[in-house]
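Peer 1:
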Amino acid sequence: MSYPEPKYHAETGEASATYRPVGTPPEFTYASGNTVHYLATGASTGGEFGLYRWVMGPQPSGPDPHFHRSISESFFILSGSVRIYDGKRWIDTEPGDFVHVPEGGVHAFRNESGAPAEMLLHFAPGAPREAYFEGLPNLSQMTDEERAAFMLEHDTFWIG
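Going left to right, the sequence shown walks through residues 1 to 160 as full-length UniProt numbering numbers them.
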């Protein structure tokens, strides 16, 4: 494996970093109180990746087993314990644990600990996951056909 072709061709660097202070409010809050912080979206990274801070309260929450055809997904546990399904077994994670799921890999996550938990979600390449996160609360109002189209649009294929 080698480095990719350069995207930046100037002789000197430029001031182009972004900064997000820790106290920045989340971009999206679910009815459960769980929040999502859009740290780096596919749009802000030129499609290279998406990075989100997922904050869960103590109530059980999280998606059932599924896979993506066009994006990988990685999990880095910041606090608490999140159960992550790796396609074969449920892993009770702890802060500092990392799980990477390549395209096509079956996975799921749940907070079943009874305590708050927080993790980073990383998607590569940077698909527009924000519309998926924000559309989830509307699933119960969709017809079966609308729900299937929503999942297809957002590269989410459920197991079982």
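No residue lacks a Cβ here, since even glycine has one placed at the ideal position from N, Cα and C. Note that the structure is predicted; figures quoted are calculated from it, not measured.
So residue 115 is in the beta strand (DSSP E); what residue range does that whole segment cover?
Peer 2: No beta strand (DSSP E) contains residue 115, which DSSP labels as neither H nor E.
Peer 1: Provide the residue span of the alpha helix (DSSP H) that contains residue 135, from first to last.
Peer 2: 129-135
Peer 1: Taking the CB atoms as reference points, tell me whether residue 28 and residue 18 lie closer together than 8 Å.
Peer 2: no
Peer 1: What would DSSP say about residue 148, mapped onto helix, strand or coil?
Peer 2: helix
Peer 1: Determine whether the beta carbon atoms of residue 127 and residue 70 lie at a separation below 8 Å.
Peer 2: Contact annotation: residue 127 and residue 70 have beta-carbon atoms nearer than 8 Å.
Peer 1: Suppose the cutoff is 7 Å on Cβ atoms and the five residues either side in sequence are ignored; what does the same chain contact list for residue 137 look like?
Peer 2: 30 and 31
Peer 1: Can you tell me which of the three DSSP states residue 153 falls into?
Peer 2: helix
Peer 1: Compare the Cα-Cα distances from residue 99 to each of 80, 120, 79 and 45 and report the closest residue.
Peer 2: 120
Peer 1: Secondary structure at residue 74, three-state DSSP: helix, strand or coil?
Peer 2: strand
Peer 1: In chain order, what residues of the same chain lie with their CB nearer than 6 Å to the CB of residue 86, ignoring the 5 residues before and after it?
Peer 2: none
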